[in-house]
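Numbering (UniProt numbering), first residue to last: 1 to 368.
Ideal Cβ positions, reconstructed from N, Cα and C, are used throughout, including at glycine.
To keep things clear, I will list the structure first and then write my remarks on it.
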Ligand SMILES: Nc1ncnc2c1ncn2[C@@H]1O[C@H](COP(=O)(O)OP(=O)(O)O)[C@@H](O)[C@H]1O
Ligand SMILES: [Mg+2]
């Protein structure tokens with residue numbers, strides 16, 4: 001699959017188009033020497049690209065819907081209806097436990113991508129999803145959420161504090177109950193997929209082993225055995241489906257809960273570009289052999305942009321992400337949605353403020 005850098009990014013604002021190694025790439029004029037070059041992804045229809053630019057001032061950053069018990073997560077706003085939860089996926093882009101930017105259509109892509117995967121994986125474990133009354137909204141069965149994030153990994157990679165590579169590079173060979181041999185390089189494929197769970201904390205997730213999960217009473221041994229096996233099966237299924245689309249599903253995280261009947265269900269999101277890292281399969285081996293980073297279609301480039309300019313874990317104020325990078329990220333989200341689901345992304349009506357549209361759709365669905 002060829003998808004990156006077929007079409008140069010437009011030159012505007014603080015960014016311009018440059019050429020590197022014969023390929024045209026988007027580079028940032030300010031601090032260009034230390035900027036990661038971000039290639040403009042192709043294959044997104046021009047009308048969608050145009051809509052992304054227009055939608056920048058109609059992003060869904062906050063919600064205040066006429067529904068009870070609002071709770072704001074990093075990306076989702078949830079409203080608790082008792083037996084059900086209304087989950088609004090916003091356009092907020094978070095990383096390093098911080099809000100980095102609002103990305104046009106991101107919430108819609110995440111919500112609709114997750115819905116597609118919930119349905120595709122229902123033969124492995126049932127999901128909590130009931131309906132999507134709006135492109136950005138899911139109604140789910142309310143579950144008692146296990147306070148654990150089930151992180152599944154197929155590769156030795158990552159740059160955050162809880163990443164496998166970060167720990168391995170620092171000398172760790174045991175991580176969350178898994179052992180890793182000496183001599184691994186960044187981005188190597190693991191001999192087998194692993195689960196590296198973290199606690200599901202308000203501010204910062206912490207790695208934990210299955211033994212500690214049971215000892216601390218976060219789950220029973222039986223729950224851990226059932227859920228971890230389901231997580232690995234969903235991950236393997238996701239990798240196989242991704243491979244059929246020319247993608248490597250590198251790593252991901254799942255959340256599970258129990259509904260009122262005690263049924264274990266997968267909740268929140270599945271294999272979205274927010275919860276997962278995807279690389280392009282056809283260039284992985286050659287690039288890895290040459291010591292280059294894999295071509296990715298995820299938010300890593302935005303993370304790197306912040307990492308190179310500030311300490312995103314400590315600084316009180318972060319620099320503002322350039323519009324060009326935000327629009328590029330939006331295109332990648334849309335690209336991934338279309339590639340995975342095989343369905344064209346439906347541009348919403350941009351004339352209506354997104355919050356108004358959501359309220360109208362919730363009314364139509366009899367939810368408020
Ligand atoms: N079906 C469900 N039942 C109960 N809680 C859910 C369900 N689906 C998702 N949640 C919770 O809703 C919240 C969604 O917000 P999000 O921004 O994704 O959270 P976080 O900040 O924890 O990443 C999470 O706390 C998630 O655990
Ligand atoms: Mg979440």
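Provide the residue(s) that pair with residue 277 in DSSP beta bridges, ordered along the chain. Your numbering for residue 277 matches position 277 in the chain shown. Partner(s): 251.
So is the beta-carbon of residue 75 under 7 Å away from any non-hydrogen atom of ligand 2? Here residue 75 corresponds to residue number 75 of the chain shown, with the count starting at 1. Within 7 Å of the C-beta of residue 75 there is at least one heavy atom belonging to ligand 2.
Contact between the stretch 88-108 and the stretch 173-186 (3+ Cβ pairs under 8 Å): Too few Cβ pairs lie closer than 8 Å, so no.
What separation, rounded to the nearest whole angstrom, lies between the Cα atoms of residue 28 and residue 39? In the chain shown, counting from the first residue as 1, residue 28 sits at position 28. In the chain shown, counting from the first residue as 1, residue 39 sits at position 39. Bear in mind that a pLDDT of 36 at residue 28, under 50, signals an unreliable position, so the number given afterwards is only what the model happens to contain. Cα to Cα, residue 28 sits roughly 11 Å from residue 39.
Spatial distance of residue 381 from residue 59 (CA atoms): Residue 381 is absent from the model: the chain starts at 1 and stops at 368.
With a threshold of 7 Å, establish whether the CB of residue 378 neighbours any heavy atom of ligand 1. Past the boundaries of the shown model lies residue 378; the chain is included only from 1 to 368, so the question cannot be answered.
Between 264, 219, 172 and 279, which has its C-alpha nearest residue 239's C-alpha? Here the question's residue 239 lines up with position 239 in the chain shown. Per the Cα distances, 279.
Exposed or buried, residue 130, counting other C-beta atoms within 10 Å across all chains shown (16 or more means buried)? The residue labelled residue 130 in the question sits at position 130 within the chain shown. Here residue 130 is exposed. Its C-beta has fewer than 16 other C-beta atoms within 10 Å.
Per DSSP, cross-strand counterpart(s) of residue 149: Translated into the one-based positions of the chain shown, residue 149 becomes position 149. Residue 149 is bridged to 198.
Span separating the alpha-carbon of residue 120 from that of residue 161: Here residue 120 corresponds to residue number 120 of the chain shown, with the count starting at 1. Here residue 161 corresponds to residue number 161 of the chain shown, with the count starting at 1. A straight-line Cα-Cα distance of about 31 Å links residue 120 and residue 161.
Nearest to residue 145 by CA position, among 295, 327, 263 and 341, is which residue? Indexing the chain shown from 1 puts residue 145 at position 145. Scanning 295, 327, 263 and 341 for the CA closest to the CA of residue 145 turns up 263.
Is residue 268 a contact residue of ligand 2, with contact defined as CB to any heavy atom under 7 Å? One-based indexing of the chain shown puts residue 268 at position 268. Result yes, Cβ under 7 Å from ligand 2.
Whole angstroms is fine: what's the gap from residue 304's alpha carbon to residue 339's? By 1-based counting over the chain shown, the position of residue 304 is 304. By 1-based counting over the chain shown, the position of residue 339 is 339. The alpha-carbon atoms of residue 304 and residue 339 are separated by roughly 24 Å.
Whole-number beta carbon distance between residue 125 and residue 260, since they are thought to touch under 8 Å: In the chain shown, the residue the question calls residue 260 occupies position 260. In the chain shown, the residue the question calls residue 125 occupies position 125. 17 Å between Cβ atoms; not a contact.
One or two residues paired with residue 174 in a DSSP bridge: Here residue 174 is taken as the residue at index 174 of the chain shown, counted from 1. According to DSSP, residue pairing for residue 174 in a beta bridge involves 179.
Do residue 114 and residue 269 come within 8 Å of each other at the CB atom, strictly closer than that value? Locating residue 269 in the chain shown gives position 269, where the first residue counts as 1. Locating residue 114 in the chain shown gives position 114, where the first residue counts as 1. For residue 269 and residue 114, yes; Cβs fall inside 8 Å.
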